[in-house]
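One structure is given below, encoded as structure tokens.
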Amino acid sequence: MLEELQNYYLDQKEPNKSCLLALRSIILEQDRNITETRKYGMPCFCYKKKMVCYLWTDKKTDEPYLLMVEGKHLDHPKLETGDRARMKIFRVNPNQDLPKKTIEGILQKALDLYRHGIIN
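Here you go:
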């Protein structure tokens, strides 16, 4: 992990730190072609150099969320559009067990957009 990325996670307070690190692990486990970088100050995960998702914390609630770059192509009841045209977010409660199967399902649907050429 790049030092800049490592510092992002280490600078988080608990329980967000553990939650974000667990989300990171789940994301990286989905496909060997996923890489991690930092864009706009937040961890960004790419599939074959194309942005798939980000990890961030809500400024109002301070709770982590997964931001899906091509969210407009994803249909899941737990994804929120808000006032975004392209992206959707999946909110996570850092004080509860992560819904790993739900997260993995959303990530696989997002990766399929790239794998099947829906997103170039």
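Quick note on our numbering: the sequence shown kicks off at 346 and runs consecutively. Ideal Cβ positions, reconstructed from N, Cα and C, are used throughout, including at glycine.
(message) Please tell me whether Leu-456 and Gln-375 are closer than 8 Å, where the distance is taken between their beta carbons.
(response) yes
(message) DSSP three-state label for Ile-372, please.
(response) helix
(request) Classify Ile-451 as helix, strand or coil using the three-state DSSP reduction. (result) helix
(request) Rounded to whole angstroms, what's the CA-CA distance from Asn-440 to Cys-364? Just pull it up for me. (result) 8 Å
(message) Given this structure, state the Cα-to-Cα distance separating Asp-403 from Pro-388, to the nearest angstrom.
(response) 14 Å
(message) Distance check for Glu-359 and Phe-390, CA to CA, integer angstroms please.
(response) 22 Å
(message) Buried or exposed, going by whether 16 or more other CB atoms sit within 10 Å of the CB of Ile-372?
(response) buried
(message) On the CB-based measure, 16 or more other CB atoms within 10 Å of its CB, does Ile-434 come out buried or exposed?
(response) buried
(message) Short of 8 Å in beta carbon distance, which residues of its chain neighbour Lys-445, apart from the five on each side in sequence? Order them along the chain.
(response) Ile-371
(request) Express the C-alpha separation of Lys-417 and Ile-464 in angstroms, rounding to a whole number. (result) 11 Å
(request) With a 10 Å radius around its C-beta and 16 neighbouring C-beta atoms as the bar for buried, classify Leu-400 as buried or exposed. (result) buried
(request) May I ask you to report which of helix, strand or coil DSSP gives Glu-349? (result) helix
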